[in-house]
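J.:
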Amino acid sequence: MADGRSRLVVLAGPTAVGKGTVAAEVRERHPDVWISVSATTRPPRPGEEHGVHYWFVSDAEFDRMIEADDLLEWAVVHKAARYGTPRGPVDQALAAGRPAMLEIDLQGARQVRRTMPDALFVFLKPPSWEELVRRLVGRGTETEAERTRRLETAKDELAAEREFDVTIVNHEVPVAAAELVALMTVPTRAS
Ligand code: 5GP
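Here the sequence shown is numbered in my numbering, starting from 1 and rising by one per residue.
1. Looking only at its own chain, which residues have a Cβ that is under 8 angstroms from the Cβ of glycine 20, when we skip the five neighbours before and after it?
2. Helix, strand or coil: which one does DSSP assign to arginine 87?
3. Taking the CB atoms as reference points, tell me whether valine 26 and methionine 116 lie closer together than 8 angstroms.
4. Should the segment 122-136 be regarded as contacting the segment 53-62, the criterion being three or more beta carbon pairs within less than 8 angstroms?
5. Whole beta strand (DSSP E) runs in the segment 62-150 with 3 or more residues, listed along the chain?
6. On the DSSP bridge list, what partners appear for leucine 11?
7. Please determine whether the Cβ atom of glutamate 131 lies at a distance below 7 angstroms from any heavy atom of the ligand 5GP.
8. Quick one: Cα of valine 112 to Cα of alanine 96, how far?
9. Hey, how far is the Cα of glutamate 157 from the Cα of phenylalanine 62?
10. Whole angstroms are fine: how far does the CA of aspartate 69 sit from the CA of aspartate 32?
11. List the DSSP bridge partners of phenylalanine 56.
12. With C-beta atoms as the reference, is leucine 71 less than 8 angstroms away from proline 86?
13. Using the rule of at least 16 other Cβ atoms within 10 Å of the residue's Cβ for burial, across every protein chain shown, is valine 76 buried or exposed?
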């Protein structure tokens, strides 16, 4: 990345499209890319670690972060829990010249669009609606009611593609991750 300048990439897309899996692939294969760790009020799932997958915080702590203006953006996702991006670490990564990435929902992406319009907004799209449903059912982490709710949200989220700068179709995770990383470095223009 020495010959380019780093930029903030905001990755969003419908539920179950594989944003988390693509982000995990980037984390593993491209340690030079800094990925934000969000704060959330939802409880950890088995295997999730505080400070690695999320900062798992109480409602009171989340309120405090909002009050202190510590969050770059935040949203209630799937009508279930609050999620937000701590502002300080993003500023530090960008100040250090590291390519930085946020993996957040659509409401959050819209907020960042207002406050950081120079960021690159990337929409991760499933190969088809049927494939999206298959992935959501297949991962088996949601109840039937939760799945129905998430698919309702996904319909609205798919319609938001046109608000984004770039679309990546998630056919295969390693390919999508490589496409994403390629977008994080823009060649320095000779002036
Ligand atoms: P999950 O509970 O499955 O880990 O994530 C649910 C949703 O929350 C995903 O769509 C994910 O993109 C979104 N999300 C995760 N972190 C943040 C965040 O910091 N801000 C916003 N707005 N959404 C987030």
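Ideal Cβ positions, reconstructed from N, Cα and C, are used throughout, including at glycine. Bear in mind that the values here come from a model prediction, so they are computed numbers and not experimental data.
T.: The answer reads as follows:
1. As a first step, residue 20 is located in the sequence shown; it is residue number 20 there, counting from the start. Once the five neighbours on either side are set aside, the close Cβ partners of glycine 20 are Glu103.
2. Here residue 87 is taken as the residue at index 87 of the sequence shown, counted from 1. Looking at arginine 87 - three-state DSSP - the assignment turns out to be helix.
3. Stepping through the sequence shown from its first residue, residue 26 is reached at position 26. Stepping through the sequence shown from its first residue, residue 116 is reached at position 116. In this structure, methionine 116 does not lie closer than 8 angstroms to valine 26 by Cβ.
4. no
5. 71-77, 81-86, 100-103, 120-125
6. For the purposes of this step, residue 11 is taken as residue 11 along the sequence shown, with counting starting at 1. Leucine 11 is bridged to Glu103, Val122.
7. Translated into the one-based positions of the sequence shown, residue 131 becomes position 131. Every heavy atom of the ligand 5GP is 7 angstroms or more from the Cβ of glutamate 131, so no.
8. For the purposes of this step, residue 112 is taken as the residue at position 112 of the sequence shown. For the purposes of this step, residue 96 is taken as the residue at position 96 of the sequence shown. If you take the alpha carbons of valine 112 and alanine 96, they lie about 20 angstroms apart.
9. Residue 157 sits at position 157 when you count from the first residue of the sequence shown. Residue 62 sits at position 62 when you count from the first residue of the sequence shown. Glutamate 157 and phenylalanine 62: Cα-Cα distance of roughly 25 angstroms.
10. Stepping through the sequence shown from its first residue, residue 32 is reached at position 32. Stepping through the sequence shown from its first residue, residue 69 is reached at position 69. The straight-line gap from Cα to Cα measures roughly 28 angstroms.
11. Translated into the one-based positions of the sequence shown, residue 56 becomes position 56. According to DSSP, phenylalanine 56 bridges with Thr40.
12. Numbered from its first residue, the sequence shown carries residue 71 at position 71. Numbered from its first residue, the sequence shown carries residue 86 at position 86. Closer than 8 angstroms, so yes.
13. Your numbering for residue 76 matches position 76 in the sequence shown. By the 10 Å Cβ count, valine 76 comes out exposed.
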